[in-house]
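Numbering (the numbering used here), first residue to last: 1 to 169. C-beta atoms are modelled at their ideal positions from N, C-alpha and C, and glycine is treated no differently. For reference, the structure is listed below as structure tokens.
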């Protein structure tokens with residue numbers, strides 16, 4: 001892949017990468033913020049009704065990427081790997097997905113190197129797909145070996161998991 005222009009002309013590749021990022025979590029534990037100067041006022045919508053919540057200053061507010069990425073209202077059938085969800089032609093639906101995506105965090109604590117990381121991910125996925133995947137097969141690996149079980153700041157599989165094992169011929 002020589003340029004970003006070529007990458008942009010491969011929407012399914014982008015969809016596969018977005019879906020992979022959505023299901024890989026990065027940091028799984030809750031990241032807390034504390035407003036020390038003023039109360040936080042959240043105005044939004046829940047079940048299509050306006051809501052308002054006040055969180056007093058000094059209280060910790062946290063969120064988890066693992067939980068956010070499985071919000072069924074944003075990502076229906078959220079545990080399924082479905083790159084097609086990112087190909088929806090409607091820009092409104094795509095914006096909803098992007099708003100729910102937190103693979104690189106959000107706001108003032110978002111990853112500074114997100115765009116560099118995405119470029120590297122695109123290059124790695126294409127290189128693997130063209131050079132390695134045709135000669136690779138899973139070896140004694142099941143879905144249980146890769147499913148998120150608990151976190152220790154990062155997502156962890158079951159202790160009995162041997163991880164993903166492959167044979168390259």
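Check                                                                                                                                                             : Outcome
Figure out for me which residue from 23, 55 and 169 has the closest Cα to the Cα of residue 38.                                                                   : 55
From the DSSP output, in three-state form, read off residue 109 for me.                                                                                           : helix
Give me the residue from 73, 45, 100 and 58 with the minimum Cα distance to residue 65.                                                                           : 100
Exposed or buried, what is residue 87 when buried is set at 16 or more other beta-carbons lying within 10 Å of its beta-carbon?                                   : exposed
In terms of DSSP beta bridges, what is residue 51 paired with?                                                                                                    : 44
In terms of residues, what are the limits of the beta strand (DSSP E) holding residue 155?                                                                        : 154-156
Ordered along the chain, which non-local residues of its own chain (more than five positions away) have a Cβ less than 6 Å from that of residue 151?              : 28 and 29
Can you list, in chain order, the residues of its chain whose CB lies under 7 Å from that of residue 149, leaving out five sequence neighbours each side?         : 156, 157 and 158
Suppose you measure from the CA of residue 61 to the CA of residue 53; what does that come to, to the nearest Å?                                                  : 12 Å
Looking at the structure shown, is residue 58 part of a helix, part of a strand, or coil, going by DSSP?                                                          : coil
Report all residues from its chain with a CB closer than 7 Å to the CB of residue 108; omit the five preceding and five following residues, and keep chain order. : none
So, does the segment 109-128 touch the segment 8-18, judging by three or more C-beta pairs under 8 Å?                                                             : yes
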